[in-house]
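Participant:
There are 2 protein chains.
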Amino acid sequence: MRIAILLIFLANFLFAQKNEDSLSIRKIYSYHLTESASYVNLHSLCKDVGARLSGSKQAEKAVEWAKQAMVKAGADTVYLVPCMVPHWVRGKKEQCYVNGNSKNNLESFAICVLGGSVATPTQGITAKVIEVFSFDELEKLGAEKIKGNIVFYNVSFDQNFVHTGSAYGKAVKYRSGASMAAKYGAVASITKSMTTSNNDFPHTGTMKYDTLVQQKIPAFAISAKGAKRLNTLLSQNKNLELHLFSDCKTLPDEPSYSVVGEIRGNETPNEIIVVGGHLDSWDLGEGAHDDGAGIVQSIEVLSSFKKLGVKNKRTIRAVAFMNEENGTRGGKSYAAMAAKENKKHIAALESDMGGFTPKAIGIDAKKDTLLYYKKWQPLFDPYFVFIKQGGGGVDIGELVKAGVPQFSLEPDSQRYFDFHHTADDIFENVNKRELELGAATINSFIYLIDKYGTYKK
Amino acid sequence: MRIAILLIFLANFLFAQKNEDSLSIRKIYSYHLTESASYVNLHSLCKDVGARLSGSKQAEKAVEWAKQAMVKAGADTVYLVPCMVPHWVRGKKEQCYVNGNSKNNLESFAICVLGGSVATPTQGITAKVIEVFSFDELEKLGAEKIKGNIVFYNVSFDQNFVHTGSAYGKAVKYRSGASMAAKYGAVASITKSMTTSNNDFPHTGTMKYDTLVQQKIPAFAISAKGAKRLNTLLSQNKNLELHLFSDCKTLPDEPSYSVVGEIRGNETPNEIIVVGGHLDSWDLGEGAHDDGAGIVQSIEVLSSFKKLGVKNKRTIRAVAFMNEENGTRGGKSYAAMAAKENKKHIAALESDMGGFTPKAIGIDAKKDTLLYYKKWQPLFDPYFVFIKQGGGGVDIGELVKAGVPQFSLEPDSQRYFDFHHTADDIFENVNKRELELGAATINSFIYLIDKYGTYKK
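Residue numbers (the working numbering), protein chains in the order written: chain A, 94 to 550; chain B, 94 to 550.
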């Protein structure tokens, strides 16, 4: 009998607790949907600062912008974590057209040179184009067919994946296909953009040269539409020649910063919860989804704790990491700083998959650990958000090496690679409510971690 | 010991069964993401047919279009279910501008007359504008303030709801606010559009006159941006006059049809599973999300059963219902036909919430029944789709009255009311993969209902 009463008491207690959490989370969602500054902040970051590739003047401006936004959000302390970043510049608008006799009749393609590439010679490159659909095919053709030509990696984005990140993961190696092409004597490479769409925006992104291949050749990306057209032209004329030009270059590294804003914990301030995204973006577009969204969402977590009067137990740190796109120097220098602090990072959550409707919180954990967080699933059911296995982020990846549990916001991925790394990744392509729901979701999860802590064995 | 062995056997059996279903569902998703005709069909419906309000020539064309699409999808039998539909026409482009002395300097607003409204007199209506924020406020003002004036319902769309359909449900009564305004002597009503956005598209939709109020006055909708501007102007000048014009009219009812395409069941063909959407649309835009999406998704369910070689036990019927928007005549005549058939409808599923990423299958059922379907949740986890309580549709609502269980596809609702009933509900605003994932989700659920049947007490 006594046990039964105890069980009823316990059940009531658990119900009350769950109910209290439900209400708190509903308040957090309401804050974001009706009061938050996410959308106006994103507008400001996109329009007042704009594209902000590491090492650029705009990246410098973005650091100042983030500092001010974090102060405005109510952070107790705002500070910078220095790092040296690469400084690659695109230079003049690239050129890519079909070589022909009549200057008035040159068909051109929407291309961009990939981040980290070397330039063409000043007069450009004119050569025949060899189309391949895989590295295997390239190897089979070998030096005999490739030498002196441009390699065109026409590799399609696999639409069969439900989560487009998986298709990206499968295709992205071709973005660094220049060295493999150079091994067989190619003079340049062109890679079909990594995209779900069929439009005419070329997608930039970082490319790396294989240190084992001495020759560095320029590496371009062509729009999906352009790739289709080039394929057609090549099927009509195997001797088709393209003219390519870029004067991009790599300058000396520049000093830069990640920006940290924190609200000190009221009970165990030496326990740190990080929520962040990356402040740098590619030089095309405005870095709206990638990753202006993650930045403004992280800043609004601070703002909501202040505005809703939540007394966080642990210290909440919003971190705007520098240089995710081409170096992760911000992530590395932050982790190095964290290693020297006499504090403990208990969790790190990254939002870097766009400002779309949240579908899940991803957790990088094994089954036992996952079950601990899965208990919170009913709290997220009203928002159609799953708590799922697998998650993390590039910037917080450096903290993970030191054993910090990592989490990520997983928004709907269907449209991300329509915009990713293009001139079309602009403020206008972010929906206010989707952005806000993403912020509310990470905010709610951070709230629960702060209240109940992370999994302990 | 024997029970233990039996349990292991049972567990293995259940696991194998679950695994087989997982694979079947993965095949269904693959079909839709890589082979389906949903997107090209939607393009054709939007561009070759276009807007298709009941009674119009385009609605007639849409019937022919649906017939052909269902034959092409591999339906065994395609037939029409007749119904008489209302025939309201918008007429000339509406006018709404600030009345003033100088004809060259008239500020105008983006408005549209609401479906079912009466026209203004030929010379239009010029009157002062009384802004109210609720029916309560209107009643308090009473005939003294309202008589002879235009009532402007400036009721905001409540952004606090996570599911935008709830905000719509709360605000939509103001679309039929004309009679309430007429009761106090108003000469016209203008309602702020039911929308999540702040853009300049007015949203049409059906309005109804209260039969208890004799006077019918013209009912308009103004864009969200226009409502904000009008509010500002009224705060500056309480005597501001607007000029309104519409020559819309209601013509006699027209004969029309719902279109049915079915694949006969292989085991119990007299058990019917309906999957459908509505073929008619508003006259603005192209009816892309509302409800071209539901039509092409339903048709592709047939196509996938054929292409994947699924031997359905029950008869699967795709139904393109006519006249959801302003009469539900198609839903009613279909239900009347069904009542006379010597067959049993075991389930009806409607897709009429846009071609956005699926978030849930909604089930109109009590707890016991829900638990039966909830067993399928793990099959939908990989697609981030919830099985949830609450669901249905306007067209299938008529079948429900005869006891048929109803289900609905619930796509992400965040952007639906940006486009709903506007000139911007066009093909270009539907994302291919989102549309296809919606089709795959209903297809998978229909597959499971066909295989396992619906809940039986």
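The beta carbon of each residue, even a glycine, is placed where N, CA and C say it ideally should be. Bear in mind that the values here come from a model prediction, so they are computed numbers and not experimental data.
Determine, using beta-carbon pairs with one atom in the stretch 433–440 of chain A and one in the stretch 495–512 of chain A, whether at least three such pairs fall under 8 Å.
Facilitator: yes
Participant: Cβ of Phe538(A) within 8 Å of Cβ of Leu463(A)?
Facilitator: As a first step, residue 538(A) is located in the first sequence; it is residue number 445 there, counting from the start. As a first step, residue 463(A) is located in the first sequence; it is residue number 370 there, counting from the start. Not a contact, by the Cβ cut-off of 8 Å.
Participant: What residues from the stretch 521–547 of chain B come within 9 Å of chain A, judged by C-beta to C-beta, listed N to C?
Facilitator: Asn524, Lys525, Arg526, Glu527, Glu529, Leu530, Ala533
Participant: Taking the C-alpha atoms as reference points, what is the distance between Trp181(B) and Gly209(B)?
Facilitator: Here residue 181(B) is taken as the residue at index 88 of the second sequence, counted from 1. Here residue 209(B) is taken as the residue at index 116 of the second sequence, counted from 1. So the alpha carbons of these two residues sit roughly 6 Å apart.
Participant: Return helix, strand or coil for Phe250(B), following the three-state DSSP convention.
Facilitator: Translated into the one-based positions of the second sequence, residue 250(B) becomes position 157. The DSSP-derived three-state label of Phe250(B) is coil.
Participant: Can you tell which of Gln161(B), Val133(B), Ala168(B) has its C-alpha closest to the C-alpha of Phe398(B)?
Facilitator: Position 305 of the second sequence, counted from the first residue, corresponds to residue 398(B). With distances taken between Cα atoms, Phe398(B) lies closest to Ala168(B).
Participant: Around the Cβ of Val225(A), are there at least 16 other Cβ atoms within 10 angstroms (buried) or fewer (exposed)?
Facilitator: Residue mapping note: residue 225(A) aligns to position 132 of the first sequence, counting from 1. So Val225(A) ends up on the buried side.
Participant: Per DSSP, what kind of secondary structure is Lys221(B) in: helix, strand or coil?
Facilitator: Start at 1 with the first residue of the second sequence, and residue 221(B) comes out as number 128. The answer is strand: DSSP assigns Lys221(B) an E or B state.
Participant: For a test of the three-state rule: what should DSSP assign to Pro295(B), helix, strand or coil?
Facilitator: Position 202 of the second sequence holds residue 295(B). Three-state DSSP puts Pro295(B) in coil, outside helix and strand.
Participant: Output the distance between the C-alpha atoms of Lys309(A) and Ile204(A), rounded to the nearest integer angstrom.
Facilitator: Numbered from its first residue, the first sequence carries residue 309(A) at position 216. Numbered from its first residue, the first sequence carries residue 204(A) at position 111. The straight-line gap from Cα to Cα measures roughly 19 Å.
Participant: For the stretch 252–263 of chain B, list every residue whose C-beta sits within 7 Å of some C-beta in chain A, in sequence order.
Facilitator: Gln252, Asn253, Val255
Participant: Taking the alpha-carbon positions, what's the Ala317(A) to Phe510(A) distance?
Facilitator: Mapped onto the first sequence, residue 317(A) falls at position 224. Mapped onto the first sequence, residue 510(A) falls at position 417. Computed Cα separation, rounded: 12 Å.
Participant: Less than 8 Å between CB atoms is the rule here; does Phe294(A) satisfy it with respect to chain B?
Facilitator: As a working mapping, residue 294(A) is identified with position 201 in the first sequence. Chain B has no Cβ within less than 8 Å of the Cβ of Phe294(A).
Participant: Along the alpha helix (DSSP H) that carries Ala431(B), what are the first and last residues, could you check?
Facilitator: Indexing the second sequence from 1 puts residue 431(B) at position 338. Counting along the chain, the alpha helix (DSSP H) containing Ala431(B) begins and ends at 422–433.
Participant: Using the Cα positions of Lys111(B) and Ala260(B), report the straight-line distance between them to the nearest angstrom.
Facilitator: For this step, residue 111(B) is matched to residue 18 along the second sequence. For this step, residue 260(B) is matched to residue 167 along the second sequence. Distance between the alpha carbons of Lys111(B) and Ala260(B) is about 38 Å.
Participant: Over what stretch of residues does the alpha helix (DSSP H) that includes Trp469(B) continue unbroken?
Facilitator: Counting from 1 along the second sequence, the entry for residue 469(B) is found at position 376. Trp469(B) -> no alpha helix (DSSP H), and no H or E assigned at all.
Participant: Using a Cβ cut-off of 8 Å, pull out every chain A residue sitting near Leu395(B), in sequence order please.
Facilitator: Within the second sequence, the letter at position 302 stands for residue 395(B). Chain A residues near Leu395(B): none, gap ~22 Å exceeds 8 Å.
Participant: Along the stretch 447–461 of chain B, what residues have a CB closer than 9 Å to any CB found in chain A?
Facilitator: Phe449, Thr450, Lys452, Ala453
Participant: Which class does Arg508(A) belong to by DSSP, given the choice of helix, strand or coil?
Facilitator: Counting from one through the first sequence, the residue named residue 508(A) turns up at place 415. Three-state DSSP puts Arg508(A) in coil, outside helix and strand.
Participant: CA-CA distance, Gln482(A) and Asp461(A)?
Facilitator: Residue numbering aside, residue 482(A) sits at position 389 when the first sequence is read from its first letter. Residue numbering aside, residue 461(A) sits at position 368 when the first sequence is read from its first letter. Whole-angstrom Cα-Cα distance: 11 Å.
Participant: My output table needs one value for Gly455(A): the three-state DSSP class, helix, strand or coil.
Facilitator: Mapped onto the first sequence, residue 455(A) falls at position 362. Correct three-state label for Gly455(A): strand.
Participant: Using three-state DSSP, classify His382(A) as helix, strand or coil.
Facilitator: As a position in the first sequence, residue 382(A) is number 289, starting the count at 1. In the structure shown, His382(A) falls within a helical segment according to DSSP collapsed to helix, strand and coil.
Participant: Residues of chain B with CB under 8 Å from Gln507(A), in chain order?
Facilitator: Taking the first sequence and counting its residues from 1, the one referred to as residue 507(A) is at position 414. Per Cβ cutoff of 8 Å: Thr450, Asn524, Arg526, Glu527, Leu530.
Participant: Please list the terminal residues of the continuous alpha helix (DSSP H) segment that includes Thr361(A).
Facilitator: Position 268 of the first sequence holds residue 361(A). Unbroken run through Thr361(A) is the beta strand (DSSP E), 361–371; no alpha helix (DSSP H).
Participant: Do we get a CB-CB distance below 8 Å when we pair Tyr122(B) with the residues of chain A?
Facilitator: Within the second sequence, numbered from 1, the residue matching residue 122(B) stands at position 29. Interface residue, yes.
Participant: Taking Cβ-Cβ distances shorter than 9 Å, what residues in chain B pair up with Leu126(A)?
Facilitator: Against the first sequence, residue 126(A) aligns to sequence position 33. Within 9 Å Cβ-Cβ: Gln252, Asn253, Phe254, Val255.
Participant: Using beta-carbon positions only, say whether Tyr476(A) and Thr515(A) come within less than 8 Å of one another.
Facilitator: Your numbering for residue 476(A) matches position 383 in the first sequence. Your numbering for residue 515(A) matches position 422 in the first sequence. Cβ atoms of Tyr476(A) and Thr515(A): not closer than 8 Å.
Participant: Along the chain, which unbroken stretches of the alpha helix (DSSP H) at least 4 residues long are found entirely within the stretch 256–340 of chain B?
Facilitator: 257–264, 271–276, 317–329
Participant: Can you tell me whether DSSP reads Ser537(A) as helix, strand or coil?
Facilitator: Here residue 537(A) is taken as the residue at index 444 of the first sequence, counted from 1. If DSSP states are grouped into helix, strand and coil, Ser537(A) belongs with the helices.
Participant: Counting Cβ pairs closer than 8 Å, one from the stretch 116–134 of chain B and one from the stretch 390–397 of chain B, do we hit at least three?
Facilitator: With a cut-off of 8 Å, the stretch 390–397 of chain B and the stretch 116–134 of chain B count as touching, because enough Cβ pairs lie within range.
Participant: So, Leu146(B) versus Asp376(B), is the Cβ gap smaller than 8 Å?
Facilitator: One-based indexing of the second sequence puts residue 146(B) at position 53. One-based indexing of the second sequence puts residue 376(B) at position 283. Yes, these two residues count as a Cβ contact at 8 Å.
Participant: Using the DSSP secondary-structure output, state which residues sit across from Tyr172(A) in a beta bridge.
Facilitator: Working through the first sequence from its first residue, we reach residue 172(A) at position 79. BP columns for Tyr172(A) point to Val353(A).
Participant: Taking only beta-carbon atoms, is Thr408(A) less than 8 Å away from chain B?
Facilitator: Sequence index remark: in the first sequence, residue 408(A) carries index 315 (1-based). Not an interface residue.
Participant: In terms of alpha-carbon separation, which member of Lys342(B), Lys233(B), Pro348(B), Ser129(B) lies closest to Arg422(B)?
Facilitator: Your numbering for residue 422(B) matches position 329 in the second sequence. Ranking Lys342(B), Lys233(B), Pro348(B), Ser129(B) by Cα distance to Arg422(B) puts Pro348(B) first.
Participant: Would you check if there are 3 or more beta carbon pairs closer than 8 Å linking the stretch 385–392 of chain B to the stretch 331–340 of chain B?
Facilitator: no
Participant: Looking at the structure shown, is Ser115(A) part of a helix, part of a strand, or coil, going by DSSP?
Facilitator: Stepping through the first sequence from its first residue, residue 115(A) is reached at position 22. In this structure, Ser115(A) counts as helix in the three-state DSSP scheme.
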